[in-house]
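Asks: So for the sequence shown, UniProt numbering puts the first residue at 1; every next one is plus one.
Heads up, the beta-carbon is just placed ideally off N, CA and C, and yes, glycines get one too.
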Amino acid sequence: MEKIQKTLALLSNLLKSLLAIASCLLLFLIALICAPRYFQELVTPSEKVAALDAPTKVSQPKARMWQAPDTSDIPTNEQGDLIRYGRELIVHTAEYLGPKGKVMQISNGMNCQNCHLDAGTKIMGNNYAAVYSTYPKFRARSGTKETVIKRISDCFERSLNGTKPDSASREMTAMVAYMKWLEKDTPKGETPKGTGLEKLAYLDRAADPKNGSLIYQAKCESCHGVNGEGILNPQKNAYVYPPLWGKNSYNDGAGLYRVSSFAGYVVNNMPFGASYENKLLTDKEAWDLAAFVNSQPRPHKDQSSDWVDISKKPIDFPFAPYADGFSQKQHKLGPFEPISEARKESK
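1. Does His116 pass the burial test, meaning 16 or more other C-beta atoms within 10 Å, or should it be called exposed?
2. Where does Tyr241 fall in DSSP's three states?
3. Confirm, please, whether the CB-CB distance from Ser169 to Ile149 is below 8 Å.
4. Please return the same chain residues whose Cβ sits closer than 7 Å to the Cβ of Lys247, not counting the five positions on each side in sequence.
5. How is the beta strand (DSSP E) around Phe292 delimited, first residue to last?
6. According to DSSP, simplified to helix, strand and coil, what is Glu184?
7. Flag this pair as yes or no: are the beta carbons of Leu197 and Ser261 separated by less than 8 Å?
8. Assign Ile315 to buried or exposed, taking buried as 16 or more other Cβ atoms, counted over all protein chains shown, within 10 Å of its Cβ.
9. Just reading off the beta strand (DSSP E) that Glu146 is part of, what are its end residues?
10. Anyone know if the C-beta pair for Pro192 and Trp245 falls short of 8 Å?
11. Look at the alpha carbon of Lys301 and the alpha carbon of Trp307, and state the distance between them as a whole number of angstroms.
12. Would you say the segment 224-238 touches the segment 285-292, given that touching needs at least three Cβ pairs under 8 Å?
13. Could you check what DSSP says for residue 352 in three-state terms: helix, strand or coil?
14. DSSP three-state call for Arg205: helix, strand or coil?
15. How far does the beta strand (DSSP E) with Arg84 in it reach, from first residue to last?
16. I'd like to know whether the C-beta atoms of Tyr128 and Leu200 end up nearer to each other than 8 Å.
17. Quick check on DSSP: helix, strand or coil for Met65?
18. Report the residue from Met175, Lys137, Lys188, Gly228 whose alpha carbon sits nearest the alpha carbon of Cys155.
19. I need the straight-line Cα distance from Pro321 to Thr144, nearest angstrom please.
20. Just grab the DSSP bridge partners of Lys137 for me.
21. Quick check on DSSP: helix, strand or coil for Asn278?
22. Can you give me the C-alpha to C-alpha distance between Pro318 and Lys329, rounded to a whole angstrom?
23. Locate the alpha helix (DSSP H) running through Glu345, then write down its first and last residues.
24. Which residue from Asn126, Pro335, Arg87 puts its Cα closest to that of Asp204?
25. Could you tell me the boundaries of the alpha helix (DSSP H) in which Asp252 lies?
26. In chain order, what residues of the same chain have a beta carbon less than 8 Å from the beta carbon of Gly255, not counting five sequence neighbours either side?
27. Using the beta-carbon count (16 or more within 10 Å), is Lys347 buried or exposed?
28. How about Pro338 and Lys184: are their beta carbons less than 8 Å apart?
29. Starting from Ser159, trace the alpha helix (DSSP H) both ways and give me its first and last residue.
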């Protein structure tokens, strides 16, 4: 009997101990659920100190791509008529100002929007998002502060291989009005995201015209012709697809004659259906294609008055003289990185 009593006493004590442990666990769980911050401070004080010392991260809003205003917003007044005429001149330049133009005959048959896509509104399509907002500005090529009128005149003389419209003409006034309207929501001096052309990283080799020829045959020839001659419309007074070389194409003074500009243009826009969100060429293909197209014959422009300060010439400007010891061929096709590094060292 005594043994039974001792056993019962031990069991009672054990049960009391288990109940005490269970009570502690229950209180611990309640504390964990109801006061996690307090609990964390108790068990991880070093983490709390580290968090206090860490800099506060502030998320920065992503810059939005520029968006052209809707043409339905063009005012229905005399100024609106001028804006609409300016847009019409950009889209159908040849119809009004080409070799068979009904207003003047001062250009080669290409349209402004052959280079400035979708009437100058396409993202990374050489658009007009920052023309009126950033001009007048100094340009090293001319060595002067240029106006929007001067910039448009350059396009007529170089990209359209023609002569500039009179600065006071209705046509020039209309094109300026259209560009100003396009940028009505762009603050003066700002360059919105998506403006102009992409600047591609330099290759670690020279751009290859031979490889570019194969790319042209596979992806460009169907629209721009076997000989880069383009495709005329049925009326034969404008191009549906512009010539890329030959007598009716842009001359060697145009911006696209630099391979970096041409590559940056086609990588986001060619072949048909490409965009900055849906590229159909690799960067290497774009460089090689640019080398091929710009190695073909085209009209020449006297550029003797350009780049009075030759040290300001772009790295890929294809005509000597230069302020460095690199050859004209390397300045045209690359590799460009050694030239870039040499310029950095000389500064």
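Replies: Looking at the coordinates:
1. On the sequence shown, position 116 is the one that residue 116 refers to. The residue is buried, with at least 16 neighbouring Cβ atoms inside 10 Å.
2. One-based indexing of the sequence shown puts residue 241 at position 241. In the three-state reduction of the DSSP assignment, Tyr241 falls in the strand class, which pools E and B.
3. Position 149 of the sequence shown, counting from 1, holds the residue named residue 149. Position 169 of the sequence shown, counting from 1, holds the residue named residue 169. No, these two residues do not count as a Cβ contact at 8 Å.
4. Here residue 247 is taken as the residue at index 247 of the sequence shown, counted from 1. The answer, listed in chain order, is Pro299.
5. The residue given as residue 292 occupies position 292 in the sequence shown. Where Phe292 is concerned, there is no enclosing beta strand (DSSP E), although the alpha helix (DSSP H) it sits in stretches over 283-293.
6. By one-based count along the sequence shown, residue 184 stands at place 184. For the record, residue 184 in the displayed sequence is Lys; it is not Glu. If DSSP states are grouped into helix, strand and coil, Lys184 belongs with coil.
7. Walking along the sequence shown from the start, residue 197 turns up at place 197. Walking along the sequence shown from the start, residue 261 turns up at place 261. Yes; because the gap between Cβ atoms is below 8 Å, this pair is in contact.
8. Taking the sequence shown and counting its residues from 1, one reaches residue 315 at position 315. Result: buried.
9. For the purposes of this step, residue 146 is taken as the residue at position 146 of the sequence shown. Per DSSP, the unbroken beta strand (DSSP E) holding Glu146 starts and ends at 144-146.
10. Walking along the sequence shown from the start, residue 192 turns up at place 192. Walking along the sequence shown from the start, residue 245 turns up at place 245. No, the Cβ-Cβ distance between Pro192 and Trp245 is not below 8 Å.
11. To locate residue 301, count along the sequence shown from 1; it is residue 301. To locate residue 307, count along the sequence shown from 1; it is residue 307. Rounded to the nearest whole angstrom, the C-alpha separation of Lys301 and Trp307 is 14 Å.
12. Counting Cβ pairs under 8 Å, fewer than three are found: no touch.
13. Outside the shown range of the chain, which is 1 to 347, sits residue 352, and nothing can be said about it.
14. If you number the sequence shown from 1, residue 205 lands on position 205. The answer is coil: DSSP assigns Arg205 none of H, G, I, E or B.
15. As a first step, residue 84 is located in the sequence shown; it is residue number 84 there, counting from the start. Here Arg84 belongs to no beta strand (DSSP E); instead the alpha helix (DSSP H) covers 78-91.
16. The count along the sequence shown starts at 1 and reaches residue 128 at position 128. The count along the sequence shown starts at 1 and reaches residue 200 at position 200. Judged by their CB atoms, Tyr128 and Leu200 are not nearer to each other than the 8 Å cut-off.
17. For the purposes of this step, residue 65 is identified with residue 65 of the sequence shown, where counting begins at 1. Of the three classes helix, strand and coil, the one that applies to Met65 here is strand, per DSSP.
18. Working through the sequence shown from its first residue, we reach residue 155 at position 155. When only C-alpha atoms are compared, the closest one is Met175.
19. Residue mapping note: residue 321 aligns to position 321 of the sequence shown, counting from 1. Residue mapping note: residue 144 aligns to position 144 of the sequence shown, counting from 1. Approximately 20 Å between the Cα atoms of the pair.
20. As a working mapping, residue 137 is identified with position 137 in the sequence shown. In the DSSP output, where bridge partners are listed per residue, Lys137 has Glu146.
21. Translated into positions along the sequence shown, residue 278 becomes position 278. The answer is strand: DSSP assigns Asn278 an E or B state.
22. The residue given as residue 318 occupies position 318 in the sequence shown. The residue given as residue 329 occupies position 329 in the sequence shown. When rounded, the distance between both Cα atoms is 7 Å.
23. Counting from one through the sequence shown, the residue named residue 345 turns up at place 345. DSSP places Glu345 inside the alpha helix (DSSP H), whose first and last residues are 337-346.
24. The residue you call residue 204 lines up with position 204 of the sequence shown. By alpha-carbon distance to Asp204, the top candidate from Asn126, Pro335, Arg87 is Pro335.
25. Against the sequence shown, residue 252 aligns to sequence position 252. Asp252: not part of any alpha helix (DSSP H); DSSP gives it neither H nor E.
26. Sequence index remark: in the sequence shown, residue 255 carries index 255 (1-based). Cβ within range, chain order: Arg158, Ser159, Ser261.
27. For the purposes of this step, residue 347 is taken as the residue at position 347 of the sequence shown. Per the 10 Å Cβ criterion, exposed.
28. Within the sequence shown, numbered from 1, the residue matching residue 338 stands at position 338. Within the sequence shown, numbered from 1, the residue matching residue 184 stands at position 184. Cβ atoms of Pro338 and Lys184: not closer than 8 Å.
29. In the sequence shown, counting from the first residue as 1, residue 159 sits at position 159. No residue range can be given for Ser159, since it is assigned to no alpha helix (DSSP H) and is classified by DSSP as neither H nor E.
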